[in-house]
Amino acid sequence: MPPPPPESGDPDLTECLRLLEAVPAAAASAPAFRRHWPSISASLAALSTALASPAVPPAAPLLAPIAAELGALLSAAADAPRLGHLHTVSLLSSAAASLSQLAADARLLAMSAPPAAAADSGVDALISRLRLGSAASRAAALEELAGTAAALPAPAAAAAVSAVAALLDSAGGDLLPSSRERAVAVLAAFASSGAACRFLAEEAGAVVPHLCRALESGGAGAEHACAALLPLTAASRDASAAVAARGGVAALLAACAGGTPATQAAAAGVLRNLAAFPDLLPWFRNEGALPLLLQLVSLGTPRAQELALGCLQNLTAGDGDEGQRLKVEAFQEGALACVKDFLDASRGDEPGLAPALGLLRNMASFRYIAEIAASASFAAHVAAALGSDRPPTRTEAALALAELCGNAAGGGGGKSRRELEGAVPRLVWMLEAKPAAERDAAARALAALLASSGACRKLFRRDERGVAGAVRLLDPAGARGVDRRFPVAVLLAVSQSRRCRKQMMAAGACGFLQGLMAAEVDGAKRLAECLGKGKMLGVFPRT
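If you count by the working numbering, then the sequence shown holds residues 17 to 559, one letter each, in order.
Set out below in structure tokens:
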């Protein structure tokens, strides 16, 4: 055992250390100790290590029970001849169990190790009360912690998160419902704190079952549970799977249907996180999630609409069998009309615009749905969204435009075609955007537009930035994250123009195409041959 501290001003701590030294010698003289000695010895070692830690506060409530149990062991060893073997073994069995629990509590107390800043603010005292206090003391400590959780520094937040998780995990049915609700509220406060959220994620395995239980209870507890689950499910697939396996999808949908506006938004956010994992999609189909989510898009607050649209976008994003079925079911439930109503009612650049366009893009991957969307004048909304100040909105608009044009024979009628022609300059500008995802989306949209519309090809040829921007996307060093098939397709669409071929060669397309042909990128060889013919024709003057 490690030696005790050389000096201790706490008489209870001094007594515990004295008894720890005395028990092994007394046990050696009592044969009844042999059966329980391995367990008792491990508890003694853990207690000795924990009590030597500076994290144990003076006059800790745990010291008196430890001293009492150690004293009981010494008494049992001394009175063994008088008590008899069976009675002594029974006393030792009870004392060993109690001592093991006390050792576990002492380890938790030592692990908290509150820093000086936390000690000054009283967090160490709150943690001690959470671990060792009475029911009333725990409730009061939770109330105080809920008010200070967001302001705790990182070390104190880590200790407090661990203490609340241990309280929920160890109390079981002994924790009063009101205290359990307060504990969930504290976890929600930690989830909103940047310093504590990381530590909450580390305790996800311990707290998720309790958060799911609070979710099922409804009321304020459900709102706090959703707020706590939001960052946990965003950061961990395991946490998301645990929520789904415990019936969380049904409980979250119930919160979306009948909760307060804040609860509905938080529940929709958790559902959005769960829907990002393809293996969890069957839970949504089994629970009939689509009608409730579409209702929330129609009737919810702007924040709830944004998150519900994000959930629907994730649900319909997959290319597997489950994702394809969900796309069809979403269309049958009226998702396309719901998106149209949302876009018609949008004023300005709303946060929900990006997921709405993402949902439109997913459904338009079906030719039948794309043709209906094109005839319903979605092109005007998509083209307008290309002028957004938000890169995610511009990216989703370009991807939606690529699906509409690629699957709907040009994107619609006369008015729609005019809207699409107006999108060409914006897409050319996006080819030079900083985010790689935005440049890739612009190349995809331009490839679809130019392949389906001669008027769009003419507009693209007139803009000198267009060819140069597309050629830059062929450069492997300067265009990471861009699928080079699409800038190749853009250049092929205008390669019949002698002026455009000159621009391509001046921008260095021939050199980039050598590498793309080696990588067998679709269309690269054909474009290189087209540029090669242009070189040969330029050798001989026209007569």
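Yeah, the Cβ is synthetic: ideal placement off N, Cα and C, and Gly gets one too.
DSSP three-state assignment for residue i, whether helix, strand or coil
i    : result
G364 : coil
L497 : Per the sequence presented here, residue 497 reads as Gly, with Leu not at that position. Three-state result, G497: coil.
G548 : helix
R262 : coil
L36  : helix
V355 : helix
E345 : helix
D28  : helix
F293 : coil
G539 : coil
V440 : helix
D479 : coil
G334 : coil
P408 : helix
G274 : helix
K450 : coil
L489 : coil
A135 : Its pLDDT being 40, under 50, A135 is placed unreliably in this model, and the value from its coordinates should be taken loosely. Three-state result, A135: helix.
S397 : Reading off the sequence, residue 397 comes out as His, not Ser. If DSSP states are grouped into helix, strand and coil, H397 belongs with the helices.
V510 : coil
A156 : helix
S381 : coil
T249 : helix
A129 : Because A129 sits at a pLDDT of 46, beneath the cut-off of 50, its placement in the model cannot be relied upon, and the following sentence gives the value as read from the coordinates. Coil at A129, not helix or strand.
P169 : coil
G285 : helix
E303 : coil
S45  : coil
S178 : helix
G403 : coil
G316 : coil
R473 : helix
G326 : helix
P256 : According to the sequence provided, residue 256 is Ser. The question's Pro does not apply to it. Helix, per DSSP.
G527 : helix
Residue i and residue j closer than 8 Å at C-beta
i    : j    : result
A324 : G316 : yes
A48  : H101 : yes
C272 : A255 : no
A509 : A467 : yes
G285 : C228 : no
A560 : V398 : Residue 560 is absent from the structure shown; the chain starts at 17 and stops at 559.
G1   : V444 : This structure leaves residue 1 out entirely; the chain is present only between 17 and 559.
G237 : A243 : no
A278 : E239 : yes
L203 : V224 : no
L168 : A176 : yes
L462 : A395 : no
L269 : E219 : no
S195 : A155 : yes
A389 : L447 : no
P247 : A267 : no
N330 : R262 : no
A162 : R123 : no
L78  : L29  : no
A260 : L296 : yes
L115 : S59  : yes
P318 : E366 : yes
E349 : L310 : yes
E419 : A386 : yes
C546 : S513 : no
A93  : A61  : no
G274 : Q321 : no
E31  : A83  : yes
Near the ligand FMN: residue i beta-carbon under 7 Å from a heavy atom
i   : result
A92 : Judged by which ligands are present, the structure shown has none, so any question about the ligand FMN falls away.
Is the stretch 521-531 close to the stretch 488-503, with three or more CB pairs under 8 Å?
Three or more pairs of CB atoms, one per stretch, sit closer than 8 Å, so the stretch 521-531 contacts the stretch 488-503.
Segment contact, 8 Å Cβ cut-off, at least three pairs: the stretch 84-92 with the stretch 105-113:
Counting Cβ pairs under 8 Å, three or more are found: they touch.
At least three beta-carbon pairs within less than 8 Å, the stretch 501-521 to the stretch 539-549
Yes, since at least three Cβ pairs between the stretch 501-521 and the stretch 539-549 fall closer than 8 Å, the two stretches touch.
Which runs of the alpha helix (DSSP H) spanning at least 4 residues fall entirely within the stretch 201-239, listed in chain order?
Complete alpha helix (DSSP H) runs here, min 4: 210-218, 220-233.
Count the CB pairs spanning the stretch 374-393 and the stretch 331-346 that are closer than 8 Å, and state whether there are at least three.
A contact is defined here as three or more CB-CB pairs under 8 Å, and the stretch 374-393 meets this definition with respect to the stretch 331-346.
Is the stretch 345-358 in contact with the stretch 399-414, if contact means three or more CB pairs nearer than 8 Å?
Judged by Cβ distances under 8 Å, the stretch 345-358 makes no contact with the stretch 399-414, as fewer than three pairs qualify.
What are the complete alpha helix (DSSP H) segments, minimum 4 residues, inside the stretch 53-112?
Counting only runs of 4 or more, we get 53-67, 79-94, 96-99.
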